[in-house]
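Read left to right, the sequence shown gives residues 5 to 116 (this note's numbering).
Even for Gly, the Cβ is constructed at its ideal location relative to N, Cα and C.
A short write-up of the structure that comes next.
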Amino acid sequence: MTSGGADSIPVRVARGAARLDCAQPGWAMRVDVTVLDLQSTTDDLLGQIFGSHYNGIDTLGLTREASQSHGFYAHCASVDHGCSCDAEYARLTAEWARVVTSRQAATAVDRP
5 MTSGGADSIP VRVARGAARL DCAQPGWAMR VDVTVLDLQS TTDDLLGQIF GSHYNGIDTL
65 GLTREASQSH GFYAHCASVD HGCSCDAEYA RLTAEWARVV TSRQAATAVD RP
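What follows is the structure, given as structure tokens:
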């Protein structure tokens with residue numbers, strides 16, 4: 005598996021969605037895309053599903069690097085040096101919102 009930064013955001017998010025499908029079937033129905041913010045530890049995807057970002061990482065058994073490669077965390081190697089990852093988090097949030105909205109719409113269509 006490559007590091008989180010080597011794959012595109014859609015690839016990383018697809019990997020994360022597949023992981024969630026195994027661990028938490030129906031996870032997308034628990035996400036409110038109107039408040040979704042991957043920079044938050046409570047309003048990010050894992051925070052909304054598991055109560056906090058860190059609970060989600062622990063429940064899924066992911067390391068920090070693995071959480072990056074699954075689209076749950078920005079891959080910004082220089083973040084510890086004062087650089088901003090705002091643009092990457094915005095792209096991650098947008099891609100997760102797209103995936104969640106698509107899944108929610110598909111689930112609504114499947115309901116009788």
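Between the C-alpha atoms of S44 and V113 there is a straight-line separation of about 30 Å. Per DSSP, the continuous alpha helix (DSSP H) segment holding G60 begins and ends at 57–64. The residues I61, Y77, in chain order, have a CB closer than 7 Å to that of S71 in the same chain once the five nearest residues on each side in sequence are set aside. In the DSSP assignment, L50 falls within the unbroken alpha helix (DSSP H) covering 49–54.
Burial is judged here by how many other beta carbons sit within 10 angstroms of a residue's own beta carbon; R68 has fewer than 16 and is exposed.
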